[in-house]
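Colleague: Here it is, the structure, as structure tokens.
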Amino acid sequence: MKREDFLWSPVKPIDPEKLHSVSELLVAFSHLSFQARTLGECFQIARRLVADQEAIIFFGLSGAMVPAGMGLVISRLVRRGVIDVLVTTGANLFHDYHEGMGDYHYQGPRGDTCSDDFLSREKIDRMYDTYADDKRFGELDRMISEFCGTLPPKAYPTWEFLHLLGGTVSGELSILRSCHDTATPIFCPAIHDSGVGMGIANYFHRNRGAKEVLTINQLEDNLDMCRLIRADKKTGEIIIGGGVPKNYIQEAEPMMIVLGEKSKGLDYAIQLTTDAPHWGGLSGCTFSESKSWGKLSFQSNFGTCYVDATIGLPLLAVGLFDWMEQNNIKRRNRRLVEFLQSGRE
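Per our numbering, the very first residue in the sequence shown carries number 1033; after that it's consecutive.
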């Protein structure tokens, strides 16, 4: 390296009087420092990914994002074609089901300023400063159990089960309903670890002695993820948080190798997270490290911003919508549920 490598690109102070949209703000961020710069860089990569009509976009969502108010952001991204495949936790889907059926999450006292013993007695569930009615959660668990009983008793991959469940949700802007309407597959690799899973388990328990019973076949999900990667020339991921959704998307590339096929790795990758790499966990794992596993291609475009996703995600989404409208860029809904269904007939 040379001295000039460090002294050629000046920091450009932001001028609030000259910024008129979120997309302009994010572009300006890329000329600043620290996490403003990384969010601006993630926006640049996101624009390239969204503009690449040959790329399938996997979206990984972890953390309590729906209770925090991010559900509508995800739904809008789905309906605008920015999300081709959603991979998320059963918890987010259960909370989305809760809201999609007309219920709410509530703001309340922050942190430990309230009595959790009192909340337990009153059947109120707390997620930091957000609250929900646990009695209603129990009713929704039973509704999911009853829904299972209306389906033909067979083994369902999670995307198929969740597509059918989404058709029962009344709120048109819920994630489940938006994915159902656009035939966008939802993969839930830890579905049992959630209210959705508890509802299914309750159904399974009550029908244990039946000759035929509905089950969830998550191994089929693995093969279907490979089918999606195999069908497209390029692949990209947008990761909110990390956890199981992040690894599940990336693991599809090594899975191709296990199946005896070639895998070049993901072409684009963006992550908004608060986890740091030095703890050794997957959520904070760098994309560079992911290359060593064959999860990202050698030529991939990738960026990470260490930011609270409830701040970074809305900025990124609004910025993308601004930019798409300014440049007349549209993405079609690929209706990949129909593609997956065609391979099972």
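A virtual CB, placed ideally from N, CA and C, is assigned to each residue, including glycine. As the structure is a computational prediction, the values presented were derived from the model and not from experiment.
Please look up how many angstroms separate the CB atoms of M1102 and T1342, rounded, as I've assumed it's under 8 Å.
Modeller: Residue numbering aside, residue 1102 sits at position 70 when the sequence shown is read from its first letter. Residue numbering aside, residue 1342 sits at position 310 when the sequence shown is read from its first letter. That belief holds up - the Cβ atoms of M1102 and T1342 are roughly 6 Å apart, short of 8 Å.
Colleague: Given 8 Å as the limit, is there contact between the segment 1114-1126 and the segment 1211-1218, that is, 3 or more CB pairs closer than that?
Modeller: Taking 8 Å as the limit for Cβ pairs, the verdict is that the segment 1211-1218 does touch the segment 1114-1126.
Colleague: Helix, strand or coil, according to DSSP, for L1151 in the structure here?
Modeller: Within the sequence shown, residue 1151 is the residue found at index 119, counting from 1. In the structure shown, L1151 sits in a helix (DSSP, three-state: H, G or I).
Colleague: Rounding to the nearest angstrom, what Cα-Cα distance links M1097 and E1036 in this structure?
Modeller: If you number the sequence shown from 1, residue 1097 lands on position 65. If you number the sequence shown from 1, residue 1036 lands on position 4. Going by the C-alpha atoms only, they are around 43 Å apart.
Colleague: Is the beta carbon of K1362 less than 8 Å from the beta carbon of S1329?
Modeller: As a working mapping, residue 1362 is identified with position 330 in the sequence shown. As a working mapping, residue 1329 is identified with position 297 in the sequence shown. No. Outside cutoff.
Colleague: Out of I1270, I1289 and F1334, which one is the CA nearest neighbour of A1349?
Modeller: For the purposes of this step, residue 1349 is taken as the residue at position 317 of the sequence shown. The residue with the shortest Cα to Cα distance from A1349 is I1270.
Colleague: Which residues bound the beta strand (DSSP E) around G1375?
Modeller: Counted from its first residue, the sequence shown places residue 1375 at position 343. It is not in any beta strand (DSSP E) - G1375 carries neither H nor E in the DSSP assignment.
Colleague: Would you tell me roughly how many angstroms separate the C-alpha atoms of Y1129 and V1201, rounded to the nearest one?
Modeller: Position 97 of the sequence shown, counting from 1, holds the residue named residue 1129. Position 169 of the sequence shown, counting from 1, holds the residue named residue 1201. Answer to the nearest angstrom: the Cα atoms are 7 Å apart.
Colleague: Would you mind stating whether G1274 and T1305 have Cβ atoms separated by less than 8 Å?
Modeller: Numbered from its first residue, the sequence shown carries residue 1274 at position 242. Numbered from its first residue, the sequence shown carries residue 1305 at position 273. In contact: G1274 and T1305 (Cβ atoms closer than 8 Å).
Colleague: Do the CB positions of L1057 and V1339 come within less than 8 Å of each other?
Modeller: Within the sequence shown, numbered from 1, the residue matching residue 1057 stands at position 25. Within the sequence shown, numbered from 1, the residue matching residue 1339 stands at position 307. Against a cut-off of 8 Å, the Cβ pair of V1339 and L1057 comes out as no contact.
Colleague: According to DSSP, simplified to helix, strand and coil, what is G1146?
Modeller: Position 114 of the sequence shown, counted from the start, is the residue given in the question as residue 1146. A small fix is needed here, since residue 1146 is Cys in this sequence, not Gly. C1146 falls in the coil class under three-state DSSP.
Colleague: With a 10 Å radius around its C-beta and 16 neighbouring C-beta atoms as the bar for buried, classify T1145 as buried or exposed.
Modeller: Taking the sequence shown and counting its residues from 1, the one referred to as residue 1145 is at position 113. Result: exposed.
Colleague: Beta carbon of G1203, beta carbon of G1134: below 8 Å?
Modeller: As a working note, residue 1203 is residue 171 in the sequence shown. As a working note, residue 1134 is residue 102 in the sequence shown. Yes, the pair counts as a contact, with Cβ atoms nearer than the cut-off.
Colleague: Just to confirm, are C1180 and L1246 a CB contact at a threshold of 8 Å?
Modeller: By 1-based counting over the sequence shown, the position of residue 1180 is 148. By 1-based counting over the sequence shown, the position of residue 1246 is 214. It is a contact, given that the beta carbons lie within the stated cut-off.
Colleague: Only counting the same chain, and skipping five residues up and downstream in sequence, which positions put a Cβ closer than 8 Å to that of P1099?
Modeller: Reading the sequence shown from its first residue, position 67 is the one you call residue 1099. Cβ within range, chain order: H1127, H1137, M1159, T1162 and A1164.
Colleague: Could you tell me which residues DSSP pairs with M1159 in its beta bridges?
Modeller: One-based indexing of the sequence shown puts residue 1159 at position 127. Bridge partners of M1159: T1162.
Colleague: Helix, strand or coil for E1357? Go by DSSP, reduced to three states.
Modeller: As a working note, residue 1357 is residue 325 in the sequence shown. Reduced to three states, the DSSP call for E1357 is helix.
Colleague: In the DSSP assignment, what residue or residues form a beta bridge with Q1250?
Modeller: As a position in the sequence shown, residue 1250 is number 218, starting the count at 1. DSSP lists no partner for Q1250.
Colleague: Provide the residue span of the beta strand (DSSP E) that contains T1267, from first to last.
Modeller: Residue 1267 sits at position 235 when you count from the first residue of the sequence shown. Here the beta strand (DSSP E) through T1267 covers K1266 to I1272.
Colleague: Compute the Euclidean distance between the alpha carbons of E1293 and E1178, then round it to the nearest angstrom.
Modeller: For the purposes of this step, residue 1293 is taken as the residue at position 261 of the sequence shown. For the purposes of this step, residue 1178 is taken as the residue at position 146 of the sequence shown. Rounded to whole angstroms, E1293 to E1178 spans 41 Å at the Cα level.
Colleague: Starting from the C-beta of I1232, find all residues in its chain whose C-beta is less than 7 Å away, skip the five residues before and the five after it, and write them out in chain order.
Modeller: The sequence position of residue 1232 within the sequence shown is 200, counting from 1. I1176, C1180 and I1248, listed in sequence order.
Colleague: Spell out the partners DSSP gives Y1280 in its beta bridges.
Modeller: Numbered from 1 along the sequence shown, position 248 holds the residue referred to as residue 1280. None, per the DSSP bridge assignment.
Colleague: Comparing C-alpha positions only, which one of V1369, Q1373 and Y1235 sits nearest to D1116?
Modeller: Here residue 1116 refers to the residue found at position 84 of the sequence shown. Selected option, being the one with the closest Cα: V1369.
Colleague: Have a look at Y1235 and D1253 and give me their C-alpha separation to the nearest angstrom.
Modeller: Taking the sequence shown and counting its residues from 1, one reaches residue 1235 at position 203. Taking the sequence shown and counting its residues from 1, one reaches residue 1253 at position 221. Answer to the nearest angstrom: the Cα atoms are 21 Å apart.
Colleague: Roughly how many angstroms separate the alpha carbons of S1152 and A1301, rounded to a whole number?
Modeller: Working through the sequence shown from its first residue, we reach residue 1152 at position 120. Working through the sequence shown from its first residue, we reach residue 1301 at position 269. Between S1152 and A1301, the C-alpha separation is close to 41 Å.
Colleague: Measure the alpha-carbon distance for N1365 versus V1059 and round it to whole angstroms.
Modeller: In the sequence shown, the residue the question calls residue 1365 occupies position 333. In the sequence shown, the residue the question calls residue 1059 occupies position 27. Whole-angstrom Cα-Cα distance: 27 Å.
Colleague: With a Cβ-Cβ cutoff of 8 Å, do S1107 and I1207 count as a contact?
Modeller: Taking the first residue of the sequence shown as position 1, residue 1107 is located at position 75. Taking the first residue of the sequence shown as position 1, residue 1207 is located at position 175. Yes.
Colleague: With DSSP as the reference, label A1222 as helix, strand or coil.
Modeller: The residue given as residue 1222 occupies position 190 in the sequence shown. Coil, per DSSP.
Colleague: Taking the beta carbon of Q1282 as the centre, do at least 16 other beta carbons fall within 10 Å, making it buried, or is it exposed?
Modeller: Taking the sequence shown and counting its residues from 1, the one referred to as residue 1282 is at position 250. With 16 or more other Cβ atoms within 10 Å, it is buried.
Colleague: What does L1304 pair with, by DSSP beta-bridge criteria?
Modeller: The count along the sequence shown starts at 1 and reaches residue 1304 at position 272. Its beta-bridge partners are I1272 and C1337.
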